Amino acid sequence: MDMETRIKTLGALRLNNLYGSDFLLTWDKSDEEISGILQATEILKALRDNNRRTRIFSSGLAVSIFRDKSTRTRFSFAAAANLLGLAVQELDETKSQVSHGETVRETATMISFLTEVIGIRDDMYIGEGHTYMKMVSDAVREGFREGILPQLPAIVNLQCDIDHPTQTMADLMHLVRHFGGVDKLRGKKITMSWAYSPSYGKPLSVPQGVIGLMTRFGMHVVLAHPEGYGLMPRVMEIAVEQSEKSGGSFEVTDSMEEAFSGAHIVYPKSWAPYHVMEKRTTLLSNGDIRGLEVLEKECLEYNKKYIDWECTQSLMKRADDALYLHCLPADISGVSCERGEVEASVFERFRKATYTQAGYKPYIIAAVIFLSKVKDPAAVLSEFSKGTGRRVF
Amino acid sequence: MDMETRIKTLGALRLNNLYGSDFLLTWDKSDEEISGILQATEILKALRDNNRRTRIFSSGLAVSIFRDKSTRTRFSFAAAANLLGLAVQELDETKSQVSHGETVRETATMISFLTEVIGIRDDMYIGEGHTYMKMVSDAVREGFREGILPQLPAIVNLQCDIDHPTQTMADLMHLVRHFGGVDKLRGKKITMSWAYSPSYGKPLSVPQGVIGLMTRFGMHVVLAHPEGYGLMPRVMEIAVEQSEKSGGSFEVTDSMEEAFSGAHIVYPKSWAPYHVMEKRTTLLSNGDIRGLEVLEKECLEYNKKYIDWECTQSLMKRADDALYLHCLPADISGVSCERGEVEASVFERFRKATYTQAGYKPYIIAAVIFLSKVKDPAAVLSEFSKGTGRRVF
Amino acid sequence: MDMETRIKTLGALRLNNLYGSDFLLTWDKSDEEISGILQATEILKALRDNNRRTRIFSSGLAVSIFRDKSTRTRFSFAAAANLLGLAVQELDETKSQVSHGETVRETATMISFLTEVIGIRDDMYIGEGHTYMKMVSDAVREGFREGILPQLPAIVNLQCDIDHPTQTMADLMHLVRHFGGVDKLRGKKITMSWAYSPSYGKPLSVPQGVIGLMTRFGMHVVLAHPEGYGLMPRVMEIAVEQSEKSGGSFEVTDSMEEAFSGAHIVYPKSWAPYHVMEKRTTLLSNGDIRGLEVLEKECLEYNKKYIDWECTQSLMKRADDALYLHCLPADISGVSCERGEVEASVFERFRKATYTQAGYKPYIIAAVIFLSKVKDPAAVLSEFSKGTGRRVF
Chain L
123 MDMETRIKTL
133 GALRLNNLYG
143 SDFLLTWDKS
153 DEEISGILQA
163 TEILKALRDN
173 NRRTRIFSSG
183 LAVSIFRDKS
193 TRTRFSFAAA
203 ANLLGLAVQE
213 LDETKSQVSH
223 GETVRETATM
233 ISFLTEVIGI
243 RDDMYIGEGH
253 TYMKMVSDAV
263 REGFREGILP
273 QLPAIVNLQC
283 DIDHPTQTMA
293 DLMHLVRHFG
303 GVDKLRGKKI
313 TMSWAYSPSY
323 GKPLSVPQGV
333 IGLMTRFGMH
343 VVLAHPEGYG
353 LMPRVMEIAV
363 EQSEKSGGSF
373 EVTDSMEEAF
383 SGAHIVYPKS
393 WAPYHVMEKR
403 TTLLSNGDIR
413 GLEVLEKECL
423 EYNKKYIDWE
433 CTQSLMKRAD
443 DALYLHCLPA
453 DISGVSCERG
463 EVEASVFERF
473 RKATYTQAGY
483 KPYIIAAVIF
493 LSKVKDPAAV
503 LSEFSKGTGR
513 RVF
Chain B
123 MDMETRIKTL
133 GALRLNNLYG
143 SDFLLTWDKS
153 DEEISGILQA
163 TEILKALRDN
173 NRRTRIFSSG
183 LAVSIFRDKS
193 TRTRFSFAAA
203 ANLLGLAVQE
213 LDETKSQVSH
223 GETVRETATM
233 ISFLTEVIGI
243 RDDMYIGEGH
253 TYMKMVSDAV
263 REGFREGILP
273 QLPAIVNLQC
283 DIDHPTQTMA
293 DLMHLVRHFG
303 GVDKLRGKKI
313 TMSWAYSPSY
323 GKPLSVPQGV
333 IGLMTRFGMH
343 VVLAHPEGYG
353 LMPRVMEIAV
363 EQSEKSGGSF
373 EVTDSMEEAF
383 SGAHIVYPKS
393 WAPYHVMEKR
403 TTLLSNGDIR
413 GLEVLEKECL
423 EYNKKYIDWE
433 CTQSLMKRAD
443 DALYLHCLPA
453 DISGVSCERG
463 EVEASVFERF
473 RKATYTQAGY
483 KPYIIAAVIF
493 LSKVKDPAAV
503 LSEFSKGTGR
513 RVF
Chain U
123 MDMETRIKTL
133 GALRLNNLYG
143 SDFLLTWDKS
153 DEEISGILQA
163 TEILKALRDN
173 NRRTRIFSSG
183 LAVSIFRDKS
193 TRTRFSFAAA
203 ANLLGLAVQE
213 LDETKSQVSH
223 GETVRETATM
233 ISFLTEVIGI
243 RDDMYIGEGH
253 TYMKMVSDAV
263 REGFREGILP
273 QLPAIVNLQC
283 DIDHPTQTMA
293 DLMHLVRHFG
303 GVDKLRGKKI
313 TMSWAYSPSY
323 GKPLSVPQGV
333 IGLMTRFGMH
343 VVLAHPEGYG
353 LMPRVMEIAV
363 EQSEKSGGSF
373 EVTDSMEEAF
383 SGAHIVYPKS
393 WAPYHVMEKR
403 TTLLSNGDIR
413 GLEVLEKECL
423 EYNKKYIDWE
433 CTQSLMKRAD
443 DALYLHCLPA
453 DISGVSCERG
463 EVEASVFERF
473 RKATYTQAGY
483 KPYIIAAVIF
493 LSKVKDPAAV
503 LSEFSKGTGR
513 RVF
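Protein chains in written order, with my numbering: chain L, 123 to 515; chain B, 123 to 515; chain U, 123 to 515.
Written out as structure tokens, the structure reads:
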């Protein structure tokens, strides 16, 4: 599709609800909106590739709040903000008055006076990240309504306890590019599988985000995990509903072999048991250090029982020349740990593919910000594509 | 007042001394200069609200040095710098050679080669912050004079041991807006009152800055505090002199009730006792840990005696429908601490007002930088207002 | 030389190999390339002094990785990136997944999707810094070749275990300016001398970089150090080869007096003994804390034997009205330490000169980035010089 056609296609979509909105969960967005984000991602990427200037802002802040470690999302957010003309300002809660007991509402307002977007990662505790993002959103909406803020910052979920939308939309973009179109995904079997990792406490947001997004396109989505590693019930329900509506299917199995059989796409990845994450949140908020230690020991013990849940060459052979996905960094057996999520030979074969997958994230984030901040996106993108503004002189 | 009138008014003021100058203490600036900063603040805000581009720089650094925690000032400085086209670069002294015993003069020069402004917060120790800022200023002035620096960075006080000018000018802007003009402040009673907080060691720069600025406009300024919480003698003298010159008054009382009676504006806030802060500086420089512990215990004990100095509903009733001010974050009883500076119901009633007050700070800082860097501010602002440059595409 | 002549001169040089290249070691670059960097440095500085806009990028990231403390290089890199229109994004390895055992190849790719340049300081361990930079370079080149990265980030060495090219080229710029041209350096005696400092473990990259660069211009280069403080053999060889080729000379002596006699330029500076640095690397990688303590004690003991290696007034008298160089911060006797590299009176006499020397670094870095990113540098600089774009409005 050439640029003009893409922009025209984008212009025909109903995207009004994205304007002025946050992006917290993919399933809160309509199919047209998800489609619009993919389209805007392609266009922004193509404009940059064609050395077009894409700054919509001559000033304005993009605030980031990382409550957990981050490399690729941090740099993706920075790159996306910069691509649109915003300056990144990070809220480091250890260097701020936040540590003085300030309320979320107040901090959110104080960092937002000239802020266009707030990107947040808060994925450590079940029941917290999404709630925190909504609190920030409520605060800035109230501030905007009351005239305290001259513009409404968009809240962008850079990973919470429930979803990791900029990751899963980058994953989706990768699939669309790989298979040649969203319509080509129909009928494909995609397997989101638990895999063993020595660090047992990884967030649930990636598997949840994957089943919460991929069930929308008529795919056969399979979730595989050992007993005890189930996901949040609400997300499971959404996956069921969406798969029915889209004419696909959604299955859960406790056999990695079965899940891989005939799969076109596999996404083997470690995550923590949901109920343990819940317990952990309680213990933490009670400051029960002893309880946490006991829990951790139990978990590691339990986790080790499933050391065989590894994405091996022989397992890949059960799949139908499947595309391997990972949000990175992967725990690669013999490389980053003794036994991990994936055999080195499998990862190495898909290394380039996983890097390509990761490479969509900056543009996905840029597209999400863009569609939240621009009322007539097609008109602006058209101006960019025809204008004389160059990215590099 | 419309934009054109404002710009004309600004153009008629004698602001030449601001060009190329630092901003360390409000009382070093003339009435016309303070007036010019308020005017420039309004204009920059209006330009932004009208989607006008206000970048005066296409390149240049805005360096920040925070020797104490900061959220709103950090973000205000970042927003202001960005509004004018500067990129923020923070000097983190733990990551720099400063910790290798480098002199202030040398560090100041080394961070200034392409730097337009240096914002500094250094408010922890009596006798240090302002001195440090002057050392930095002297160093960069010498560097500029000697041709080592191609431009002279302006030093902006983002809170020192003596004054917090960008805060108090934001406070003043808020009052001007609230009452409908600087001239409307004449005759108003404004009370800067000490209030109880469980953290007893807050800087004196806000109350000092408030009496050092608000005594210039013909207001009846009342400073209320318990015995032992007096402010720096030099600032007290300035308050007396200015209140006489302006036709207002300046009183000190040890009764919060009396201070609130008939007040039009109240600013109840905790601060540390001056003499204790002095002792603390000495003990710290002697590394007397034991002495510091003893001092802290005594202070907390003494502080607790005044737990009744709280801004309550009943106290507010003594005031004349007064406007409540706070530089935030406030210690709110039952919210951020058990007993604090202000009752939750009072704070909640003025929450929006205090957020509005805080919202002027980015524009105040931008105005301070702008007037220090631009020789003919009215001409440039006029170009911005008539030009085609948009902030948001 | 006026701007037009300079740009013409630059245009006549063969600089094609700089385009798309990294800058890791000065001796990997041709004489014309070094000359081109000096010329571009002068032009970029003159353009800025003439208030010309020099942004070649309207978007793009400049990533910095500091594995050791830095003030002047950090700010120089930030200023250079900003001068060209790039936004700085620092990779803080403690806040990233790097600490989760991610490979260098993967991290390098993940931070590079929209990145134009990566500046790296990694100077702590012999055998590591340069190797790390090459790994990053290999990774991004592979990513670019495979189409994962839409542009190739240039790697700029901001100090490794072998060389500190942006420092030594700033030093060279300073000499060229001081003596009135590169050709005026021919026949001058320049002494790179070890000097005592109580902190014995400073990197070898400055002395190595100095002998690796200054031997190219027909100077008489003298390296002076006590026994045991020799430099890396490979760099010594390069110095010999280059001095022969350039018609200069390269000598090593263990007498500071002899080295200073008749010198036109002196660069007295502390560095660690090479063999100790090697041992230290081994002990560190074995986690041998006890061994490290023993080594440190021995080193300090040994180091103290040479406390007389100090740049004194009387020593300076042996030199021929020599120019004193230092990369800063210097260990000044009686100022930053009891006994150090240089007498206070000597340093004070050259303080302004050393600050001037440091002031070239931002432009050197900008020139290095510029020549790596722009195919026809003379054409672009010419456009900048004739265009209407202003740096300050």
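The beta-carbon is built from N, C-alpha and C at its ideal position, and this holds for glycine as well.
Note that this is a predicted model, so its numbers are computed, not measured.
Reduced DSSP secondary structure (H/G/I, E/B, other) of Gln479/B: helix
I'd like to know whether the C-beta of Ala488/U is nearer than 9 Å to at least one C-beta of chain L. no
Compare the Cα-Cα distances from Phe339/U to each of Leu208/U, Phe372/U and Met246/U and report the closest residue. The shortest C-alpha to C-alpha distance from Phe339/U to any of Leu208/U, Phe372/U and Met246/U is the one to Phe372/U.
Across which residues does DSSP place Ala184/U in a beta bridge pair? Val210/U and Val239/U
Starting from Asn204/L, trace the alpha helix (DSSP H) in both directions and tell me its first and last residue. Counted as a single uninterrupted DSSP element, the alpha helix (DSSP H) harbouring Asn204/L occupies residues Arg194 to Leu205.
Taking any Cβ of chain U, which residues in the stretch 224-241 of chain B have a Cβ under 9 Å from it, in chain order? Glu224, Thr225, Arg227, Glu228, Thr229, Thr231, Met232, Ile233, Ser234, Phe235, Leu236, Thr237 and Glu238
Where do the N-terminal and C-terminal ends of the beta strand (DSSP E) with Val388/B fall, by residue? Ile387 to Lys391
For the stretch 449-482 of chain L, list every residue whose C-beta sits within 8 Å of some C-beta in chain U, in sequence order. Leu450, Pro451, Val457, Ser458, Cys459, Lys474, Tyr477, Thr478, Ala480 and Gly481
Which of the three DSSP states, helix, strand or coil, is assigned to Glu373/U? strand
Suppose contacts are defined by Cβ-Cβ distances below 9 Å. Is Thr313/L in contact with Val388/L by that definition? yes
When you compare only the Cα positions, how much space is there between Gly334/L and Leu450/L? 19 Å
Taking the straight line between their C-alpha atoms, what separation do you get for Asp144/L and Phe492/L? 12 Å
Interface positions of the stretch 247-272 of chain U facing chain L (Cβ-Cβ less than 7 Å), listed along the chain: Gly265, Glu268, Ile270 and Pro272
Hey, would you say Trp149/B sits closer than 9 Å to Ile429/B, going by beta carbons? no
Near Thr163/L, what residues of its chain come up, given a Cβ to Cβ distance below 7 Å and the 5 sequence neighbours on each side ignored? Met295, Tyr482, Tyr485, Ile486 and Ala489
Enumerate, from N- to C-terminal direction, the unbroken alpha helix (DSSP H) stretches of 4 or more residues contained entirely within the stretch 425-456 of chain L. 435-440
Let me check one thing: in DSSP terms, what residues is Phe145/L bridge-paired to? Val278/L
Please confirm if Arg356/U has its CB atom under 9 Å from at least one CB of chain L. Interface residue (Cβ-Cβ distance to chain L less than 9 Å): Arg356/U is not classified as such.
Within 9 Å of any Cβ in chain B, is that where the Cβ of Ser180/L sits? Closer than 9 Å: yes.
Distance, Gly384/B Cα to Thr231/L Cα: If I take the Cα positions, the gap works out to 32 Å.
Report yes if the CB atom of Thr253/B is closer than 9 Å to the CB atom of Ser458/U, and no otherwise. no
For Leu205/L, decide whether its Cβ has a neighbour in chain U, counting only Cβ atoms nearer than 9 Å. yes
Within 9 Å (strictly less), CB to CB, does Phe515/U reach chain B? yes
What do you get for Gly370/B, buried or exposed, if any count of 16 or more other CB atoms within 10 angstroms of its CB means buried? With 16 or more other Cβ atoms from the protein chains shown falling within 10 Å of its own Cβ, Gly370/B counts as buried.
Spatial distance of Ala200/U from Gly241/L (CA atoms): 24 Å
Cβ of Thr176/B less than 9 Å from any chain L Cβ? yes
Collapsed DSSP secondary structure at Phe506/U in the structure displayed: helix
Determine whether the Cβ of Ala317/U lies closer than 9 Å to any Cβ atom of chain B. no
In three-state DSSP terms, what is His252/U? Residue state, collapsed to three classes: helix.
Do you know offhand how far Val278/B's Cα is from Asp293/U's? When rounded, the distance between both Cα atoms is 32 Å.
What does the alpha-carbon distance come out to for the pair Leu437/L and Leu345/L? 16 Å
Looking at the C-beta of Gly511/U, does it have a partner C-beta in chain B at a distance below 9 Å? yes
Short CB-CB distance (under 9 Å) between Ser192/B and chain L: yes
For Leu445/L, which option in Lys427/L, Val468/L, Ala452/L and Tyr424/L has the closest C-alpha, if you only look at C-alpha atoms? Val468/L
Using DSSP with H/G/I as helix, E/B as strand and the rest coil, what is Met246/L? coil
Under 9 Å, Cβ to Cβ, is there at least one residue of chain L near Asp84/B? Residue 84/B lies beyond the residue range present for chain B, which begins at 123 and ends at 515; the question has no answer from this structure.
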